[in-house]
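S.K.:
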Amino acid sequence: MTPELLAFLHQKVNSFVKWDLVRFFHDNPHTKDTVENLARYIGRDVKTIERELNSLASADVLKREEISGLDIYELGEDKAIRQLIAEFIEACHDRAFRVEAIHHVIKEMQFSPRHDF
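In this note's numbering, the protein residues as written are -12 to 104.
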């Protein structure tokens, strides 16, 4: 894994939901849609998607725009980030890369025991 892709993974695509979203927007680069619709498209919970969409927007991977009181998300315009996304998705076709990327995402998520009383 190149240092650039590793940094992209650690700094921007550091959860499996973000990975799903980045793949979705890569495959559908002209999509502009709401949290609810995006959650439905990728089969995830609306609250989780909203948090991760906002994080990706803060990281300049996505662009968030408010239209008529609704947040609309689309792929960001930064050419360097778009190139990293394309390289990341292409690299994901290689099993060894995916295994390494999954390892880094799990490590980055820092799973800890839950304390539900």
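Heads up, the beta-carbon is just placed ideally off N, CA and C, and yes, glycines get one too. Since we're looking at a predicted model, the values are computed, not measured.
#1: What first and last residue would you give for the alpha helix (DSSP H) that runs through Pro37?
#2: Could you check the C-alpha separation between Glu61 and Ala78 for me, to the nearest Å?
#3: What's the gap between the Cα of Lys19 and the Cα of Ile59?
#4: If you pair each beta-carbon of the region 35 to 48 with each one of the region 77 to 95, do three or more pairs fall below 8 Å?
#5: Please state the DSSP three-state secondary structure of Lys(-1).
#6: Between the C-alpha atoms of Phe12 and Asp47, what's the straight-line distance to the nearest angstrom?
#7: Helix, strand or coil for Asp7, going by three-state DSSP, please let me know.
#8: Which residue comes first and which comes last in the alpha helix (DSSP H) that contains Glu87?
M.R.: Checking against the coordinates, here is how it stands:
#1: The sequence position of residue 37 within the sequence shown is 50, counting from 1. Residue identity differs from the one stated: residue 37 is Glu in this sequence, not Pro. From DSSP, the alpha helix (DSSP H) with Glu37 extends over Val33 to Ser45.
#2: Numbered from its first residue, the sequence shown carries residue 61 at position 74. Numbered from its first residue, the sequence shown carries residue 78 at position 91. Looking at the two C-alpha atoms, the distance is approximately 23 Å.
#3: In the sequence shown, residue 19 corresponds to position 32, counting from 1. In the sequence shown, residue 59 corresponds to position 72, counting from 1. Near 6 Å, if we compare the C-alpha coordinates of Ile59 and Lys19.
#4: Of all C-beta pairs linking the region 35 to 48 to the region 77 to 95, fewer than three are shorter than 8 Å, placing the two stretches out of contact.
#5: To locate residue -1, count along the sequence shown from 1; it is residue 12. Lys(-1): coil per DSSP, three-state reduction.
#6: Counting from 1 along the sequence shown, the entry for residue 12 is found at position 25. Counting from 1 along the sequence shown, the entry for residue 47 is found at position 60. Phe12 and Asp47: Cα-Cα distance of roughly 13 Å.
#7: As a first step, residue 7 must be located in the sequence shown, where it is residue number 20. Residue state, collapsed to three classes: helix.
#8: Residue numbering aside, residue 87 sits at position 100 when the sequence shown is read from its first letter. Residue range Arg82 to Met96 is occupied by the alpha helix (DSSP H) that includes Glu87.
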